[in-house]
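Below is one structure, written out as structure tokens; comments come after it.
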Amino acid sequence: MARAKAVLQPDLVLISWTRNPLNPGSARRIIAARVIGGAQPCRITLVPNGLLINALNCLLDHDIGFKIVFQKKTSSFSGYLVLQRNR
């Protein structure tokens, strides 16, 4: 009998962000982040009130392997994005 192999599922990261509505040029900050699978070594950057740019710089590093698969602005000062890494 042939053995069935488990298919590795991708790692997913969902980030919700906002910026100060009184200062349109302000930095985007993380409201909440959810990781399905793993996000090492970038897990430490996915904290509420952390800078979104720091998390993205880590996750999108070529050695880490995440890619943005969806992003949406929900208003002029908030939005969310989904990143995926295939293992």
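Each residue of the sequence shown is one higher than the one before, counting from 1056 in our numbering.
Positions of the beta carbon are idealized from the N, C-alpha and C atoms, including for glycine.
Quick caveat, the model's predicted, so the values are computed rather than measured.
Reducing DSSP to helix, strand and coil, say where residue i ends up.
i, result
"Arg1074", "coil"
"Ala1094", "coil"
"Leu1138", "strand"
"Ile1085", "strand"
"Leu1101", "coil"
"Leu1107", "helix"
"Leu1114", "helix"
"Leu1063", "coil"
Which residue's Cα is closest to the Cα of residue i: the options?
i, options, result
"Thr1129", "Ala1094, Leu1138, Pro1076 and Val1062", "Pro1076"
"Ser1081", "Arg1098, Val1137, Phe1125 and Asn1104", "Asn1104"
"Ser1131", "Ala1061, Arg1074 and Lys1060", "Arg1074"
Taking Cβ positions, are residue i and residue j nearer each other than 8 Å?
i, j, result
"Gly1134", "Trp1072", "yes"
"Gly1092", "Leu1067", "yes"
"Arg1089", "Leu1107", "no"
"Arg1140", "Leu1063", "no"
"Val1124", "Leu1115", "no"
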